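Heads up: the sequence shown begins at 0 in numbering that gives the first Met the number 0, then just goes up one per residue. The beta carbon of each residue, even a glycine, is placed where N, CA and C say it ideally should be. Remember, predicted model here, so these are calculated numbers, not experimental data. Worksheet for the structure shown next.
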Amino acid sequence: MMLVRRLVVAVFCAILFAPPVEAQRGLKVYISADMEGVVGAVTGDQLGPGGFEYARFREFMTREVLAAIDAAKEAGATQFVIADSHGNGENLLLEMFPDDVTIVRSWPRPLLMAQGVDETFDAAIFIGYHSGTHNSSGVRAHTMSSANLADVRINGQSVPESYIAAATAGHFGVPVVMISGDDAAVAEAQALIGDIEGAVVKWNISFHSARTLMPEASYRLIGERVRTALGRLDDFHPLTLDGPISLEIRFKNYRPAEMLAYLPIVTRVDSHTIRYEANDMVEISKFLEFVTSYSVSLQP
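Below you can see the structure in the form of structure tokens.
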């Protein structure tokens, strides 16, 4: 009888004091990284292969993501997928990453900046993001294409890339918990997505000017915000949009709206704007990828 009692007590204590399942298996974290919001980045000189500072800023972008990974590991994360979501999608320096992560590279991809996310993730983190094209503030403020798009609206509301990626992650039940970028990008994301942690690594002065932290300071700040975010994971909720979802795209030029209106799934709202109705954010993402990437001259 005494042995039975001891066994019952042992089982009870094991259940009572066992760490939550989340802690036992480790957190799975998704990271989407852009470049306009990286510390010090202000012009095309830093943001594309033709810029004289691009090689240096690829490393800054990489090290900001690494700072987020290191901090997430301290908070209990054991699995990572990172999406290289800037420009050609080939910016992150692979040799600098640990071998226990995977990275999504290049385009096209159906989930855009949220490619790789699914229902198995516990949290999403956005690094190096910028504000939207409708925002009058922010370094390099644009949505999807600074050259071609004047506005992107979901259910009537102008949205930045952070919102589109957050709603796509939310489709899979994954909450965004932290974002880094300039002050305009962070404030915009917090207003639209919710009370997520924000790491402001620079303060916008104009479209091509900012007051900026130094790189090492940005890495420390990003790490602090990631640890804080994952430490209060229960406070966050996925950004979920029920279908049907209305997407409006306003082009800077006339002809894209005219030509896309030939598609029976597209309504032309005015000379520069089209509307597309989708069942969910996966369909929205695929349509945005089609609109911004398709050309009859695509090869191979």
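- Between residue 273 and the set 235, 248, 119 and 141, the nearest pair of CA atoms involves 248.
- Counting along the chain, no alpha helix (DSSP H) covers residue 213, and no H or E run does either.
- Annotation: the continuous beta strand (DSSP E) that includes residue 250 extends over 244-250.
- Scanning its chain for C-beta atoms nearer than 8 Å, with the 5 sequence neighbours on each side dropped, one finds around residue 271 the residues 149, 249, 250, 251, 252, 253 and 256, in chain order.
- Between residue 214 and residue 62 the beta-carbon gap is near 7 Å, inside 8 Å, which marks them as a contact.
- 30 is the residue among 71, 30 and 174 whose C-alpha sits nearest the C-alpha of residue 85.
- Look at residue 138 here: in three-state DSSP terms it is coil, with no helix or strand label.
- Cβ contact annotation for residue 144 (same chain, cutoff 8 Å, sequence separation greater than five): 291, in chain order.
- Here residue 116 carries a coil assignment [DSSP, helix/strand/coil].
- In its chain, beyond the 5 residues on either side, 207 have a beta carbon closer than 6 Å to the beta carbon of residue 42.
- Shown here, residue 148 sits in a strand according to DSSP, grouped into three states.
- If only complete runs of 3 or more residues are kept, the segment 172-204 shows the beta strand (DSSP E) at 175-181, in order along the chain.
- Of all C-beta pairs linking the segment 149-165 to the segment 124-137, three or more are shorter than 8 Å, placing the two stretches in contact.
- For residue 69, there is no enclosing beta strand (DSSP E); the enclosing alpha helix (DSSP H) covers residues 53-73.
- The beta-carbon distance between residue 132 and residue 27, rounded to whole angstroms, is 32 Å. This is too long to meet the 8 Å contact definition.
- Beta-carbon to beta-carbon, residue 102 and residue 91 are separated by about 6 Å, close enough to satisfy the 8 Å threshold.
- Residue 107 holds the alpha-carbon nearest to the alpha-carbon of residue 299 among 95, 73 and 107.
- The shortest CA-to-CA distance from residue 175 to any of 201, 237 and 209 is the one to 237.
- In the structure shown, residue 160 adopts helical secondary structure according to DSSP, grouped into three states.
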